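Notes for the one structure printed next.
Protein chains: 2
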Amino acid sequence: MRDFSHDHSALALNTATLGHNIDGHGAGWTPERIIDACAELGLGGVVFWRREIGKRAIEIGDHARKTGLNVAGLCRTPFLTGPLAPKPEQAMLDDFEASIDMAAGLGAEVLTIVVGGVEPGTKGLGHSLDRVAEIVVRMAPLAAARKVKLALEPLHPVYGGDRSCLVTLKDANDLCERINHPAVGIAVDVYHVWWDRSLAAELKRAGNRILGYHLCDWLAETRDVLLDRGMMGDGVADLKAIRQAVEAAGYQGLCEVEIFSAQDWWKRPPQEVLKTCVERFRTVS
Amino acid sequence: MRDFSHDHSALALNTATLGHNIDGHGAGWTPERIIDACAELGLGGVVFWRREIGKRAIEIGDHARKTGLNVAGLCRTPFLTGPLAPKPEQAMLDDFEASIDMAAGLGAEVLTIVVGGVEPGTKGLGHSLDRVAEIVVRMAPLAAARKVKLALEPLHPVYGGDRSCLVTLKDANDLCERINHPAVGIAVDVYHVWWDRSLAAELKRAGNRILGYHLCDWLAETRDVLLDRGMMGDGVADLKAIRQAVEAAGYQGLCEVEIFSAQDWWKRPPQEVLKTCVERFRTVS
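As given, the protein sequences belong to chains A and B, one line each in that order. Using the working numbering, count along the first sequence one by one with no gaps and you end on 285. Using the working numbering, count along the second sequence one by one with no gaps and you end on 1285.
Dropping the structure here:
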């Protein structure tokens, strides 16, 4: 297991940690300012949300590379299924393609897929997972052609209804085996999987399908399941054990801190948040 | 699979469906009034919460039996672990024993255990599950002597931090195998398990350990994870498929409707709620 106690060059910032994923939140920093702050603090990478990028993907990607920062990823495709997916289907597919293009423009290695919830009019997860498989099979060659990898992210089962019919790492492994395309893998986020007693076995099974590892913590008394994530060390997830299993599976890439926290961290000065991320990354992650 | 379309004698009411599990909510009906209403509507059973019973367990149990209604269960033991468990340990054990005595007094066949969350100062679920096993092993003989069965209820992983370190049916099966006592089994609640793709296999494994089956629905856009459960048919859980698997595992007992719904069903007249439960039980459950 890697020793981060004196080295946080494997740390990446997901800008959601500064509230930049949602309108009306966030410090309002430009992508360039975020890149400069991360580079100055010695982070290794940054992950943006599409709303921050607009039509400036190439110029922002170039700025990151000039500072030595890796644009590790982009959040995210549209929801593919469920009540929040763009309608009609062609609008969803067009938006999926636009997200691939943006990732390619940024030079981001990975585009995250949050698959979407249960298809209206259906029951259970099976039908929706079938739809996800069909759509990703269709889009994977396009991503591969643009040198972008697609990371299916299993979300916590609490989002099973509206945001993600993909709710466990086991289901993500099953889905990857069905899709069977080298451009398609998995993002592992401790917030979504910390409770899963099958995690170590499924991480081993995932192996080099693991395209990203996301850090935060699960607060024992979570007040809001969307926007009350904890800073590493403040919750009950066994972060060291999870990372050990992730690395034992072969993953040696960046660790991306991604904390949605409307009532706490988003209200603090960004510099304080970033410094706390570094300190907690070195000590408890 | 049993046909309920013309027969709802397998339906039981959990009084939480009328808001009776939480102070400040609920229709305020006495246990006797609830029993009479259920009997009149042709239900087969009722499940109470301890706060409704006080010192009148035997008299309430007798009233139910006079009307032909089965007191199918009692909710519940104290939390055994985590931030919400009574302290010190002896207070928790005393309260556990008091809950067994109350179930015996009512003549309730089953006492539900919601195990409690992650032990303060620990990370992950393992240590807390070890504690749960120790405590249940210690209390099971007492329950058996009072002719009460203990039903471990796996809760949705969203409660993993504070309310239940037991979050899947697989974990409940593993725990039962460790405890290995004939008075200890499992309660299966669709709200907590509907998303689990391993459900059918784990139900089969559970077999005659299944001591109860709880009905409600998971609303696609759940506004509150504690108090926004849906009426059967209004959500995305595949209720027919789950019941088919429960019955294939051997369970032929009562189906207990348990809907926590502060903003919707708890605001409606109890008679309307009960009649809707009957109608939905016959048609979509």
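Quick reminder that beta carbons are idealized off the backbone N, C-alpha and C, glycines included. Quick caveat: nothing in here was measured; it's all calculated off a predicted structure.
- Proximity of the stretch 1090–1101 of chain B to the stretch 1058–1072 of chain B falls short of the contact definition, fewer than three beta-carbon pairs being nearer than 8 Å.
- With its beta carbon less than 8 Å from one in chain A, D1171/B belongs to the interface.
- Residue state for E1052/B is assigned as helix, using DSSP reduced to three classes.
- As computed with DSSP, I1259/B is found in no beta bridge at all.
- Straight-line measurement puts the Cα of D23/A at about 12 Å from the Cα of W266/A.
- Taking a beta-carbon distance threshold of 8 Å, A98/A does not count as an interface residue toward chain B.
- For the stretch 1066–1090 of chain B, the set of positions with a beta-carbon nearer than 8 Å to some beta-carbon of chain A reads G1082, P1083 in chain order.
- Linking P1141/B to R1178/B through their CA atoms gives a straight-line distance of about 15 Å.
- Bridge partners of T81/A according to DSSP: G116/A.
- At least 8 Å separates the beta-carbon of L125/A from that of V114/A.
- Between A1172/B and K1204/B, the gap from beta carbon to beta carbon reaches 8 Å or more.
- Distances from the CA of R197/A to each of A57/A, I242/A, E134/A were compared; the closest alpha carbon is that of I242/A.
- Put simply, the CB of T222/A is near chain B, with a gap under 8 Å to one of its CB atoms.
- Residues of chain A with a Cβ closer than 7 Å to the Cβ of D1162/B are, in chain order, A220, E221.
- Distance between A1091/B and L1175/B, taken at the CA atoms: about 24 Å.
- Boundaries of the alpha helix (DSSP H) around V190/A: 190–193.
- Using beta-carbon distances, D238/A counts as an interface residue toward chain B, with a partner under 8 Å.
- Taking C-beta atoms as the reference points, A103/A and L111/A count as a pair closer than 8 Å.
- V167/A has a beta carbon lying within less than 8 Å of a beta carbon in chain B.
- With respect to the 8 Å criterion, V190/A and V1158/B are not classified as neighbours on the basis of their beta carbons.
- The C-beta distance from A108/A to E256/A rounds to 12 Å, too long to meet the 8 Å contact threshold.
- Contact between T1015/B and I1034/B holds, with the beta-carbon distance rounding to 6 Å and staying under 8 Å.
- Neighbours of W265/A in chain B, taken as residues whose beta carbon is under 7 Å from its own, are absent, since the nearest beta carbon is some 18 Å off.
- Taking the C-beta atoms as reference points, V1188/B is found no nearer than 8 Å to W195/A.
- Neighbourhood of K123/A in chain B, by CB distance below 7 Å: V1236, A1237, D1238, in chain order.
- Across the structure, P120/A and E1221/B are spaced so that their CA atoms are roughly 12 Å apart.
- Residue burial annotation: G82/A is buried, with at least 16 other C-beta atoms found within 10 angstroms of its C-beta.
- Approximately 16 Å separates the beta-carbon atoms of I1186/B and A1144/B; this is outside 8 Å, ruling out the contact.
- N21/A sits buried, since 16 or more C-beta atoms from the chains shown fall within 10 Å of its C-beta.
- Neighbours of V1257/B across chain A, judged by C-beta separation under 7 Å, do not exist; the nearest C-beta is about 18 Å away.
- The C-beta of T77/A has 16 or more other C-beta atoms within 10 Å across all chains shown, which makes the residue buried.
- At a cut-off of 8 Å between C-beta atoms, A241/A counts as an interface residue with respect to chain B.
- L1152/B sits in a strand when the DSSP states are folded into three classes.
- Think of a sphere of 8 Å around the beta carbon of H1156/B: the chain A residues whose beta carbon falls inside it are P157, V158, in chain order.
- In this structure, the CA atom of C277/A is about 12 Å from the CA atom of D234/A.
- Chain B has a Cβ within less than 8 Å of the Cβ of V225/A.
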